[in-house]
Structures are given as C-alpha cells and as structure tokens.
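Using the UniProt record's numbering, the letters of the sequence shown map in sequence onto residues 1 to 341. Glycine included, C-beta positions come from ideal geometry on N, C-alpha and C. Source: prediction; values computed, not measured. Structure first, commentary second.
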Amino acid sequence: MGVMTLAGPPPALAPAAAPVLAVRDLVTTFETPNGTIRPVDGVSLAVAPGRTLGIVGESGCGKSMLSLSLMGLVPPPGRVAGGSVRLEGRELVGLPARALRAVRGNRVAMIFQEPMTSLNPVHTVGGQIVEAIRAHRRVPARRLRAEAVEALRQVRIPAPERRFDEYPHQLSGGMRQRVMIAMALACRPALLIADEPTTALDVTIQAQILDLLRDLQAETGMAIVLITHDLGVVAQVADEVAVMYAGRIVEHAPVGAIFDDPQHPYTIGLLGSMPRMEEDVARLVAIGGTVPPPFRLPPGCRFAPRCPFGDAACRERDPALAAVADGHAAACRKAPVEAHP
Ligand SMILES: Nc1ncnc2c1ncn2[C@@H]1O[C@H](COP(=O)(O)OP(=O)(O)OP(=O)(O)O)[C@@H](O)[C@H]1O
Ligand SMILES: [Mg+2]
1 MGVMTLAGPP PALAPAAAPV LAVRDLVTTF ETPNGTIRPV DGVSLAVAPG
51 RTLGIVGESG CGKSMLSLSL MGLVPPPGRV AGGSVRLEGR ELVGLPARAL
101 RAVRGNRVAM IFQEPMTSLN PVHTVGGQIV EAIRAHRRVP ARRLRAEAVE
151 ALRQVRIPAP ERRFDEYPHQ LSGGMRQRVM IAMALACRPA LLIADEPTTA
201 LDVTIQAQIL DLLRDLQAET GMAIVLITHD LGVVAQVADE VAVMYAGRIV
251 EHAPVGAIFD DPQHPYTIGL LGSMPRMEED VARLVAIGGT VPPPFRLPPG
301 CRFAPRCPFG DAACRERDPA LAAVADGHAA ACRKAPVEAH P
C-alpha cells in the first residue's frame with residue numbers, strides 16, 4: 001500500500017541473541033542388514049533464548065531420532081556420524097560420554113510423550129523431584145522438600161504439599177506430565193527438548209500444558225525445541241517451525257509464514273490434512289502414502305513420489321534447502337511459488 005516511513009530506528013536492528021542451540025549438517029547413521037541408513041541426514045537449525053522451535057512431520061520422518069541425536073542419546077549401533085551440535089557455544093559432538101552426561105543433566109532437559117515410562121512407580125513424586133534437584137543444584141538438605149513443593153506449585157499442581165507424598169499411579173495423566181515438566185525444570189535448563197509432550201493427553205489438558213510451558217518459558221528464558229506431528233500444537237506455541245521429511249528439514253520459517261505462505265508441497269499437504277473445525281469437512285486433503293524409510297529412499301527429491309507437483313526433473317535432482325524469503329527456506333525446485341495450483 002503506502003510507503004513505509006520510519007519514525008524511529010526499526011526494531012529489527014536490535015542484535016539477535018546468540019543461539020542456545022546451533023546445529024549444523026547433523027548426520028546420524030545406523031549400520032543395518034540393508035546397509036548404512038541415515039535417519040537424520042544433514043539437519044541444521046538454531047534456537048535463541050526464550051524462543052520455541054517446533055519440529056513437525058509425519059510418523060517416521062526422524063523427529064525423535066533428531067532429538068536423541070541432539071542429546072547424544074542415539075541408541076547403539078546408531079551414532080552421530082557428522083556435523084555439529086553447539087549448546088551455548090560448546091561443541092557436543094565428539095565430547096566424551098562423561099562430559100556429555102554432565103552437560104545434558106545441567107543445561108538441557110528432555111520430556112517425553114509417555115510420563116509413566118520416565119517416572120519411577122515405587123518412589124513418591126516429591127522424592128523424585130528432590131532427586132532431580134539434588135543432582136543438578138546446590139540446595140541445602142533442609143530446603144529440598146520446600147524446593148520440590150515449589151517446583152510442583154510452579155507447574156500449577158493443586159495442593160502440592162499433599163501431592164508430594166503421592167505415587168505416580170495416584171495421579172492423572174495430565175498431572176504426571178506436569179510432574180515430568182517439574183522434574184525437567186528443576187535443573188534450570190537453558191534448553192528444553194520436548195518430544196510429543198502432550199500427545200497422550202486430551203485436548204483440554206494439552207492446551208493447559210502448552211500454556212504452562214509458555215508461561216514457564218517467559219519466566220525462565222529457556223529455549224524450547226518442541227517435537228510434534230500436530231500442527232495445531234505448533235500454531236499454539238512455536239515461534240519458528242522446521243518441517244521434517246525423510247531425515248531432512250524441507251521447510252523452515254517463522255510460524256506465521258508456515259501457515260500463511262507455505263512453500264513446500266509437503267507443508268502444504270500437512271496443512272491440508274489438518275482438521276479445521278470452521279471449515280467444510282470436504283476440504284480435508286490427506287497426502288497419499290507414507291514417509292519412505294531410510295533404507296528405501298527414492299532418487300531425486302524424497303517427497304517427489306507423493307508430490308502432486310512432482311515432475312521428471314524432481315525425480316532426478318535432490319533439491320537443497322534454499323531461501324525463498326527473509327527467514328524462510330524451502331527444499332523444492334518449484335519454490336518460491338505464489339500459490340500452488
Ligand atoms: N534403533 C533404530 N535402528 C534403526 N532405525 C531406526 C531406529 N529407531 C528409529 N529408526 C528409524 O528411523 C526413522 C525415524 O524414526 P523416528 O522415531 O525418529 O521417527 P519420528 O518422526 O519420531 O516418528 P513418530 O512420529 O512416529 O514418533 C524411521 O524410519 C525409523 O524406522
Ligand atoms: Mg517420535
């Protein structure tokens with residue numbers, strides 16, 4: 001419309017904070033009977049303090065393997081075979097196991113989909129939080145219980161003094177997930193990695209947990225990597241979004257651009273298959289097929305066999321992630337597009 005006039009210095013000139021997490025060309029391999037596979041195949045990303053990066057993609061695209069790779073937790077015989085993971089400037093790839101454990105415990109916390117697998121059924125929830133605090137912070141013994149109760153209060157658990165002495169099975173799924181978050185936050189992480197933290201919960205509890213993560217992030221300034229297959233979750237909490245397909249990031253953009261101006265046909269497909277209450281059910285378009293496993297990748301663009309816009313050239317040449325706009329990159333020969341037909 002009109003010409004933009006500047007009444008003062010543009011806010012964008014404020015220097016960007018150094019990233020908490022900076023990943024470059026990360027590759028994770030497994031030796032299998034089918035040969036060497038790469039469930040994570042050249043991933044780069046960065047997350048600044050107080051920001052949330054959402055990582056989305058269908059089942060099997062490599063989200064969990066990526067999160068395990070960031071933490072140095074790839075199960076053997078898998079290993080991080082290349083690239084760099086810098087946490088607060090410190091290189092983690094190649095760090096000895098012991099040093100890595102110390103970093104992991106102190107600066108990074110991880111929460112998983114199913115809290116029952118991470119909580120110990122024979123110890124009280126309070127006892128487990130006390131252990132987490134003892135392992136990570138210097139708190140005098142006489143203060144431990146109060147700190148743990150405070151951690152329960154921080155995740156909005158009602159009557160935390162009473163809950164302290166209860167066992168995990170006495171809590172609802174949503175409460176258990178809150179306890180998990182309390183344990184994760186007890187070590188005051190600079191980075192929280194959450195892999196499908198709300199998938200097992202009903203939508204009301206899910207919304208509460210996501211709000212809670214946002215509030216706690218505002219209080220503590222931690223960076224969050226949130227992994228999910230649910231674009232609704234991403235819309236609610238992420239600042240930026242990385243869309244993953246077959247071990248790679250195929251689109252990366254601020255959350256608004258992902259929803260308003262998606263550039264990769266896979267992202268467009270994911271958006272098409274996201275149910276929207278206000279729209280006609282007939283508009284639900286699912287992408288046919290599934291993510292190819294890492295031992296059966298097609299030649300050229302990995303999405304080409306499922307892509308409604310794929311042509312012969314797409315099936316020959318593997319597109320690199322390239323800028324389509326400021327802060328917006330896509331790995332598609334046909335990007336940037338005005339609108340796909
Ligand atoms: N231990 C393993 N050994 C070999 N391949 C594995 C192993 N674990 C996972 N994979 C493969 O790595 C690929 C990525 O799996 P991953 O679990 O990261 O997917 P995901 O995106 O987290 O899926 P979901 O949404 O179902 O959790 C899949 O093809 C999977 O079969
Ligand atoms: Mg997973």
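Neighbour-count burial assignment, residue i, 16 or more Cβ in a 10 Å radius
{"i": "L6", "result": "With a pLDDT of 43 at L6, under the threshold of 50, the modelled position of that residue is not reliable, and the figure given next carries that caveat. L6 comes out exposed."}
{"i": "R283", "result": "Only weak support is given to the placement of R283: the predicted model assigns it a pLDDT of 40, under 50, and the value that follows is read from those uncertain coordinates. Flag for R283 reads exposed."}
{"i": "V47", "result": "buried"}
{"i": "S59", "result": "exposed"}
{"i": "D326", "result": "exposed"}
{"i": "R306", "result": "buried"}
{"i": "H328", "result": "buried"}
{"i": "R178", "result": "buried"}
{"i": "T228", "result": "buried"}
{"i": "V281", "result": "At V281, the pLDDT of 42 sits below 50, so the modelled position is not reliable; the number obtained from the coordinates is stated separately. Classification for V281: exposed."}
{"i": "P76", "result": "exposed"}
{"i": "P189", "result": "buried"}
{"i": "P308", "result": "exposed"}
{"i": "L73", "result": "exposed"}
{"i": "S69", "result": "buried"}
{"i": "I133", "result": "buried"}
{"i": "Q217", "result": "buried"}
{"i": "A14", "result": "Any reading at A14 needs caution, since the residue's pLDDT is 49, under 50, leaving its predicted position unreliable; the model's value is listed next. Exposed: under 16 other Cβ atoms inside 10 Å."}
{"i": "E31", "result": "exposed"}
{"i": "T290", "result": "exposed"}
{"i": "T204", "result": "exposed"}
{"i": "G62", "result": "buried"}
{"i": "P121", "result": "exposed"}
Residue range of the unbroken alpha helix (DSSP H) whose run includes residue i
{"i": "E131", "result": "125-136"}
{"i": "L231", "result": "231-237"}
{"i": "G78", "result": "Careful: G78 lies outside any alpha helix (DSSP H) and carries neither H nor E."}
{"i": "P265", "result": "265-272"}
{"i": "I55", "result": "From DSSP, I55 is part of no alpha helix (DSSP H) but of the beta strand (DSSP E) over 52-56."}
Residue closest to residue i, alpha-carbon to alpha-carbon, out of the options
{"i": "L53", "options": "I224, F30, G105, G72", "result": "I224"}
{"i": "L226", "options": "F112, R156, C307, G105", "result": "F112"}
{"i": "D202", "options": "L212, P39, G174", "result": "G174"}
{"i": "E147", "options": "A159, I129, R163", "result": "I129"}
{"i": "D239", "options": "I258, H136, L321", "result": "I258"}
{"i": "R214", "options": "A200, V237, I205", "result": "V237"}
{"i": "T29", "options": "T220, P75, V80", "result": "V80"}
{"i": "Q208", "options": "C187, G221, V233, L271", "result": "V233"}
{"i": "M71", "options": "L271, T267, A97", "result": "A97"}
{"i": "Q154", "options": "M183, S172, Q170", "result": "M183"}
{"i": "V27", "options": "A17, G42, P33", "result": "G42"}
{"i": "A17", "options": "L210, R162, P49, L321", "result": "P49"}
{"i": "D230", "options": "T220, A253, A200", "result": "A200"}
{"i": "V255", "options": "G247, P265, L271, R248", "result": "L271"}
{"i": "H252", "options": "V122, A330, R107, R90", "result": "A330"}
{"i": "P262", "options": "E150, V40, V93, A323", "result": "A323"}
{"i": "D165", "options": "K334, S44, R145", "result": "R145"}
Whole-number beta carbon distance between residue j and residue i, since they are thought to touch under 8 Å
{"i": "I193", "j": "M110", "result": "5 Å"}
{"i": "I37", "j": "F295", "result": "5 Å"}
{"i": "V103", "j": "L119", "result": "Incorrect: roughly 23 Å between the Cβ atoms, too far for contact."}
{"i": "Y245", "j": "G57", "result": "6 Å"}
{"i": "L171", "j": "M222", "result": "Actually they do not touch by this definition, with Cβ atoms about 24 Å apart."}
{"i": "P168", "j": "V125", "result": "6 Å"}
{"i": "residue 342", "j": "D318", "result": "The chain is shown from 1 up to 341; residue 342 falls before or after that span and cannot be answered."}
{"i": "V241", "j": "V250", "result": "Not really, about 11 Å apart at Cβ, beyond 8 Å."}
Residue i, enclosing beta strand (DSSP E) - first and last residue
{"i": "D41", "result": "35-47"}
{"i": "R245", "result": "The identity of residue 245 in the sequence shown is Tyr, whereas the question assumes Arg. Run containing Y245: 240-245, per the beta strand (DSSP E) assignment."}
{"i": "F303", "result": "That residue, F303, is in no beta strand (DSSP E); it is neither H nor E in DSSP."}
{"i": "M110", "result": "108-111"}
{"i": "V250", "result": "248-254"}
{"i": "D195", "result": "191-195"}
heavy atom of ligand 4 below 6 Å from residue i C-beta
{"i": "S64", "result": "Although ligand 4 was asked about, the structure shown includes only ligand 1 and ligand 2 as ligands."}
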